[in-house]
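Below is one structure, written out as structure tokens; the observations come after it.
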Amino acid sequence: MTEIMLRVSSLDQFFAEAKHAAAAIDRGEEIAHRPVVGFEGFQTFLKVMTANRWTLLGRLRSVGASSIRALAGHLGRDYRGVHADVAALLELGLIEKDEAGKIFVPWSRITAELSFEDAA
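Heads up: the sequence shown runs through residues 1 to 120, numbered per the UniProt record's numbering.
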């Protein structure tokens with residue numbers, strides 16, 4: 001299973017985790033690599049990961065590699081809005097393009113992690 005994590009954390013928390021990982025590497029320890037997309041705060045997460053984008057990810061995962069126009073048809077949305085959402089999700093690495101230029105979701109699982117402290 002290929003999984004990516006969406007994580008809401010502060011910059012302080014991010015740097016503390018990076019420092020911990022660097023120290024482990026310096027000690028020669030192997031670190032499990034897990035793809036993570038970080039968001040600095042809960043409001044940023046909600047602004048970027050809109051309901052339309054979650055729906056787009058789910059529909060694209062179910063229909064498979066698709067053109068943006070075909071995906072817009074599957075979603076019942078206009079091309080322009082879907083194109084903007086696809087551009088944002090491509091930038092985050094949540095979707096990718098294949099050799100033919102079709103978009104697809106490379107992940108079998110996308111999880112989100114946040115705490116009450118981050119949501120405050």
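Note that the Cβ used here is the ideal one computed from N, Cα and C, for glycine as well.
| Item | Value |
| --- | --- |
| Cα-Cα separation, residue 109 to residue 35 | 11 Å |
| Burial state of residue 7, where buried means 16 or more other Cβ atoms lie within 10 Å | buried |
| Sequence-distant residues of the same chain with beta carbon closer than 7 Å to residue 106, five excluded per side | 2 and 96 |
| Residue range of the alpha helix (DSSP H) that includes residue 46 | 42–48 |
| Residue 37 CB to nearest heavy atom of the ligand GTP below 8 Å | Ligands are entirely absent from the displayed structure, and the ligand GTP is therefore not among its contents. |
| Helix, strand or coil at residue 66 according to DSSP, with G and I counted as helix | strand |
| Own chain residues within Cβ distance below 8 Å of residue 55, not counting five before or after | 75 |
| Per-residue burial, residue 9 [other beta carbons within 10 Å of its own, 16 or more giving buried] | buried |
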